[in-house]
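In full-length UniProt numbering, the protein residues as written are 1 to 489.
Idealized CB from N, CA, C, for every residue including glycine.
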């Protein structure tokens, strides 16, 4: 078995490398990027000159996007100077970055600027900005994980939280000419949950613009970049600071681009000079890796889960998008369920005033929903007749699911109103068959239910089942409920 696995891995690796080296047939999927390396100092004007020259030079080589490191605006050796130099994103410096992108017709990832917060000038945000080739800011990401290390016996104190505030959102991957880009910054690299979440949200490229210390860079930089690429099957682009910024601070360097197979496609090395390296992001090859080794489809979502609560898609100053008319357009008869439509083929029970249907995202196997046929938002909105029919249906469906799943326990719950966690504005009851040990702590099911129910709130929903899977379960339940009704009569 081991020999078989090794042979299979060699075959996959060889196939990937052959396709990657092939000159024909994949040009349409290839995107040229430049990963950049600079040495920022405490002089914004000089740093801007360096950035401008790199953009000018790289754009002549027809790159579509350039990636700059964390602190590309400046690095000072004291908090006072840093706070004085920080600007809001609408300030002059970001305006000049935007002009560079527009004038040279390229996209820019400015991997970390000191964003001044007008409401709290005692600290800044470490903010990654994506600018398109028209000079528009497409997205911003505020660094989530702050590098706080203090080792008194070695006289080491590096606490980013002394002068920086952490962000509060994972940002959905940004659609760009080089693929969908997942945004991170430096220390975020050490938290694989973030990268995996971004990959689950559809990222093709993960970015880690950085200013790694020399010691940690020597020990971990290449290893972690390649690991994030391999485990998430994404390109990883990590622009870097290099060399001595001042007497107190030195960065490691080695700005890199890594392939989804873990190959280093570009490496800027350790020299203290501004430079860039060009690499090709080939989305066809990326898909080939994912097809040959479909690790995300092999995840045991019945055993573990990874779903974020604090996700942002829109720019921070943009109005939230209105909910859409539903996730999927179905053909055939449908039932109104709040803002979405439930296919008739997914309904397994109907009375005059109530219906029950299978769930697209199940917290546990057999997780189904019961709702009034009329679009009643809350429990108190039901008429007496509707309430009587609704609760009769709940009891019947609970009995059905316990019978089908061979258990004598169910979590039966209604999230009645906005502050109770209701996200679909149509009264519904969750019926979830329970078995011994299905959650380490019994009440963890409510945490999973919250994750299940976050689609409208702007968070990523748990991965949904296919329509075919749902229809198959509904067909089985329709047969079983008919048997139950015979017994009940």
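Bounding residues of the alpha helix (DSSP H) (the contiguous stretch that carries residue 120): Looking up residue 120 in the chain shown gives position 120. Segment: none, residue 120 is in no alpha helix (DSSP H) and carries neither H nor E.
Among 297, 348, 258 and 304, the one whose alpha carbon lies nearest that of residue 465: Translated into the one-based positions of the chain shown, residue 465 becomes position 465. Nearest C-alpha to residue 465: 297.
Neighbourhood of residue 394 by C-beta, 8 Å cutoff - its chain only, sequence neighbours within 5 removed: To locate residue 394, count along the chain shown from 1; it is residue 394. The residues are 370, 412, 429 and 431.
At least 3 beta-carbon pairs within less than 8 Å: the segment 125 to 140 vs the segment 152 to 171: yes
Stretch-stretch touch, CB-based, cutoff 8 Å, three pairs: the segment 57 to 65 with the segment 75 to 89: no
Exposed unless 16 or more other CB atoms sit within 10 angstroms - verdict on residue 380: Residue 380 sits at position 380 when you count from the first residue of the chain shown. Burial call: exposed.
Contact between the segment 189 to 199 and the segment 87 to 101 (3+ Cβ pairs under 8 Å): no
Inter-residue CB distance, residue 211 and residue 251 (contact presumed, cutoff 8 Å): Numbered from 1 along the chain shown, position 211 holds the residue referred to as residue 211. Numbered from 1 along the chain shown, position 251 holds the residue referred to as residue 251. Contact holds; Cβ gap of about 5 Å.
Spatial distance of residue 483 from residue 349 (CA atoms): For the purposes of this step, residue 483 is taken as the residue at position 483 of the chain shown. For the purposes of this step, residue 349 is taken as the residue at position 349 of the chain shown. For residue 483 and residue 349, the distance between alpha carbons rounds to 12 Å.
First through last residue of the alpha helix (DSSP H) which encompasses residue 244: Reading the chain shown from its first residue, position 244 is the one you call residue 244. Element bounds for residue 244: not the alpha helix (DSSP H) but the beta strand (DSSP E), 240 to 244.
Classification of residue 352 by the beta-carbon crowding that lies within 10 angstroms, buried from 16 upward: Counting from 1 along the chain shown, the entry for residue 352 is found at position 352. Label assigned to residue 352: exposed.
Residue 169, DSSP secondary structure in three states: In the chain shown, counting from the first residue as 1, residue 169 sits at position 169. Here residue 169 sits in coil by DSSP.
Distance between residue 208 and residue 56 (C-alpha atoms, nearest Å): As a first step, residue 56 must be located in the chain shown, where it is residue number 56. As a first step, residue 208 must be located in the chain shown, where it is residue number 208. Whole-angstrom Cα-Cα distance: 23 Å.
Own chain, CB closer than 6 Å to residue 257, minus 5 neighbours either side, in chain order: As a position in the chain shown, residue 257 is number 257, starting the count at 1. Correct list, in chain order: 35, 237, 265, 266 and 279.
Nonlocal neighbours in the same chain, by C-beta distance under 6 Å from residue 447, ignoring five residues either side: Your numbering for residue 447 matches position 447 in the chain shown. Cβ within range, chain order: n/a, list empty.
Same chain only: Cβ atoms within 6 Å of residue 325, ignoring 5 sequence neighbours per side: In the chain shown, the residue the question calls residue 325 occupies position 325. With a pLDDT of only 36 at residue 325, under the threshold of 50, the placement of this residue in the model should not be trusted, and no figure is reported.
Closest residue to residue 67 among 74, 54, 75 and 79 (Cα-Cα distance): Reading the chain shown from its first residue, position 67 is the one you call residue 67. Among 74, 54, 75 and 79, the Cα nearest to that of residue 67 is on 54.
Reduced DSSP secondary structure (H/G/I, E/B, other) of residue 490: The structure shown has nothing for residue 490, since the chain only spans 1 to 489.
Beta-carbon gap between residue 185 and residue 111 smaller than 8 Å: As a first step, residue 185 is located in the chain shown; it is residue number 185 there, counting from the start. As a first step, residue 111 is located in the chain shown; it is residue number 111 there, counting from the start. Cβ atoms of residue 185 and residue 111: closer than 8 Å.
Exposed unless 16 or more other CB atoms sit within 10 angstroms - verdict on residue 90: Counting from one through the chain shown, the residue named residue 90 turns up at place 90. Residue 90 comes out exposed.
For residue 158 and residue 171, believed in contact at Cβ under 8 Å, the rounded distance: Taking the first residue of the chain shown as position 1, residue 171 is located at position 171. Taking the first residue of the chain shown as position 1, residue 158 is located at position 158. Rounded, the Cβ-Cβ distance is 25 Å, inconsistent with contact.
Selected residue, minimal CA-CA separation from residue 106, among 52, 71, 70 and 473: Position 106 of the chain shown, counted from the start, is the residue given in the question as residue 106. The option with the nearest alpha carbon to residue 106 is 52.
Residue 88, DSSP secondary structure in three states: What you label residue 88 is simply residue 88 of the chain shown in a count that begins at 1. Coil.
Delimiting residues of the beta strand (DSSP E) encompassing residue 348: Here residue 348 refers to the residue found at position 348 of the chain shown. 347 to 350 is the span of the beta strand (DSSP E), which, as asked, contains residue 348.
CB contact flag (residue 386, residue 372, <8 Å): Mapped onto the chain shown, residue 386 falls at position 386. Mapped onto the chain shown, residue 372 falls at position 372. Yes, the pair counts as a contact, with Cβ atoms nearer than the cut-off.
Same chain, Cβ closer than 8 Å to residue 74, five either side skipped, listed in chain order: Mapped onto the chain shown, residue 74 falls at position 74. Here the set comprises 40, 41, 42, 43, 44, 47, 82, 85 and 114.
CB contact below 8 Å: residue 366 versus chain B: Structure shown: chain B not included; a single protein chain is present.
When 245, 436, 204 and 137 are compared against residue 230, the one with the closest alpha-carbon: In the chain shown, the residue the question calls residue 230 occupies position 230. Ranking 245, 436, 204 and 137 by Cα distance to residue 230 puts 204 first.
Within 8 Å, strictly: CB atoms of residue 334 and residue 343: Translated into positions along the chain shown, residue 334 becomes position 334. Translated into positions along the chain shown, residue 343 becomes position 343. Cβ distance < 8 Å, so residue 334 and residue 343 count as in contact.
Closest residue to residue 119 among 232, 99, 450 and 87 (Cα-Cα distance): Against the chain shown, residue 119 aligns to sequence position 119. Checking every option, the nearest Cα to that of residue 119 belongs to 87.
N- and C-terminal bounds of the alpha helix (DSSP H) containing residue 400: As a first step, residue 400 is located in the chain shown; it is residue number 400 there, counting from the start. Note, residue 400: alpha helix (DSSP H), 384 to 404.
Cutoff 7 Å; reference residue 440; Cβ partners in own chain excluding five residues on either side: Indexing the chain shown from 1 puts residue 440 at position 440. Correct list: empty, nothing qualifies.
C-alpha gap between residue 284 and residue 259, whole angstroms: Stepping through the chain shown from its first residue, residue 284 is reached at position 284. Stepping through the chain shown from its first residue, residue 259 is reached at position 259. Their Cα atoms are separated by approximately 12 Å.
Residue closest to residue 197, alpha-carbon to alpha-carbon, out of 420, 233 and 487: On the chain shown, position 197 is the one that residue 197 refers to. Of the listed residues, the one whose Cα sits closest to residue 197 is 233.
Three-state class that DSSP yields for residue 335 in the structure shown: Along the chain shown, one-based indexing puts residue 335 at 335. Reduced to three states, the DSSP call for residue 335 is strand.
For residue 250, the three-state DSSP class (helix, strand or coil): Taking the chain shown and counting its residues from 1, one reaches residue 250 at position 250. Residue state, collapsed to three classes: strand.
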